[in-house]
Amino acid sequence: QPATRFVADFLGEGNFIEGTIQQVAVPVQVTTAAGVLLAPATPEGYCSGMEVTCCVRPEWIDLLPAGTEAETGDAAAIFPATVLGQVFLGETAQLTMRLASDQVWKVTLRGDQIGLCPGVGEPATLRVPADRVVLLTELQPPGLDTDSPAGRRARTLITDQAAGPQVIVSFVCGGGNRP
1 QPATRFVADF
11 LGEGNFIEGT
21 IQQVAVPVQV
31 TTAAGVLLAP
41 ATPEGYCSGM
51 EVTCCVRPEW
61 IDLLPAGTEA
71 ETGDAAAIFP
81 ATVLGQVFLG
91 ETAQLTMRLA
101 SDQVWKVTLR
111 GDQIGLCPGV
121 GEPATLRVPA
131 DRVVLLTELQ
141 PPGLDTDSPA
151 GRRARTLITD
161 QAAGPQVIVS
171 FVCGGGNRP
């Protein structure tokens, strides 16, 4: 799993949206311009109030009929959207969708889903399951003076979480031999 937006974009197409972590309990709640996105877990070192970029691959988004609402207990975000364009690619179709927040996302449909594709200009609902949201950031402890000699010492942590993505976190330590 990528740790930064650059790597995520390099590895493949993605929909990116900036947000702030509001709740670190599972599912993680990230407030974005489009609404609240849910994520499976926060990597070590993430905390409430932290700015992150959420990455959602086009093939990980479910396309639902317009007006569909979240089901109770469903760990997924629901966003109303409008179809801006369609490209049919044999067994797949890629839709360009405008969210209510005016962001443009791509959605990839496969197989039987293609027949459910709304026309250009028609509304739809996007469902983003929490387990398909990847949080991206390069961490730096809040309040750290990065202009001080001690603050310029960079360290890298590699955390491999059994239940979550591998996260590479770069941050600056304030002094001593702290990791």
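In terms of the numbering used here, the sequence shown opens at residue 1 and continues consecutively.
Glycine residues also receive a C-beta, built at the ideal position from the N, C-alpha and C atoms.
> What are the start and end residues of the beta strand (DSSP E) that includes Q22?
Replying inline: The residue you call residue 22 lines up with position 22 of the sequence shown. Element bounds for Q22: N15 to Q23.
>> With distance defined between alpha-carbon atoms, name the residue in G45, V24 and V30 nearest to E189.
In response: With the chain covering 1 to 179 only, the question about residue 189 has no answer from this structure.
> Helix, strand or coil: which one does DSSP assign to A130?
Replying inline: Working through the sequence shown from its first residue, we reach residue 130 at position 130. Note: A130 maps to helix in three-state DSSP.
> Contact check, L95 vs C117 under 8 Å by CB: the rounded distance?
Replying inline: Position 95 of the sequence shown, counting from 1, holds the residue named residue 95. Position 117 of the sequence shown, counting from 1, holds the residue named residue 117. That belief holds up - the Cβ atoms of L95 and C117 are roughly 7 Å apart, short of 8 Å.
>> Taking the straight line between their C-alpha atoms, what separation do you get for I78 and F16?
In response: Stepping through the sequence shown from its first residue, residue 78 is reached at position 78. Stepping through the sequence shown from its first residue, residue 16 is reached at position 16. Approximately 16 Å, taken between the alpha carbons.
> Taking the continuous beta strand (DSSP E) assigned at W105, which residues delimit it?
Replying inline: On the sequence shown, residue 105 is found 105 positions in, with the first residue counted as 1. Taken as a continuous stretch (DSSP letters only), the beta strand (DSSP E) holding W105 covers V104 to R110.
>> I need the DSSP call for E59, collapsed to helix, strand or coil.
In response: By one-based count along the sequence shown, residue 59 stands at place 59. Correct three-state label for E59: helix.
> Helix or strand or just coil, what does DSSP make of G85?
Replying inline: As a first step, residue 85 is located in the sequence shown; it is residue number 85 there, counting from the start. Strand at G85.
> Alpha carbon to alpha carbon, what distance is there between D112 and G90?
Replying inline: Numbered from 1 along the sequence shown, position 90 holds the residue referred to as residue 90. Numbered from 1 along the sequence shown, position 112 holds the residue referred to as residue 112. Those two C-alpha atoms are separated by around 12 Å.
>> Do T20 and G51 have their beta-carbon atoms positioned less than 8 Å apart in this structure?
In response: Position 51 of the sequence shown, counted from the start, is the residue given in the question as residue 51. Position 20 of the sequence shown, counted from the start, is the residue given in the question as residue 20. Correcting the residue identity first, residue 51 is Glu in this sequence and not Gly. Yes. Within cutoff.
> Taking C-beta to C-beta, are A66 and A124 nearer than 8 Å?
Replying inline: Stepping through the sequence shown from its first residue, residue 66 is reached at position 66. Stepping through the sequence shown from its first residue, residue 124 is reached at position 124. Yes, they are a contact pair.
>> Here's a check: name, in chain order, each residue in its chain whose Cβ is nearer than 6 Å to the Cβ of A75, leaving out the five neighbours to either side.
In response: Start at 1 with the first residue of the sequence shown, and residue 75 comes out as number 75. Contacts found: P27, L38 and A130.
> Applying the criterion that 16 or more other CB atoms from any shown protein chain within 10 Å of the CB defines a buried residue, is T72 buried or exposed?
Replying inline: On the sequence shown, residue 72 is found 72 positions in, with the first residue counted as 1. Answer is exposed; the Cβ neighbour count stays below 16.
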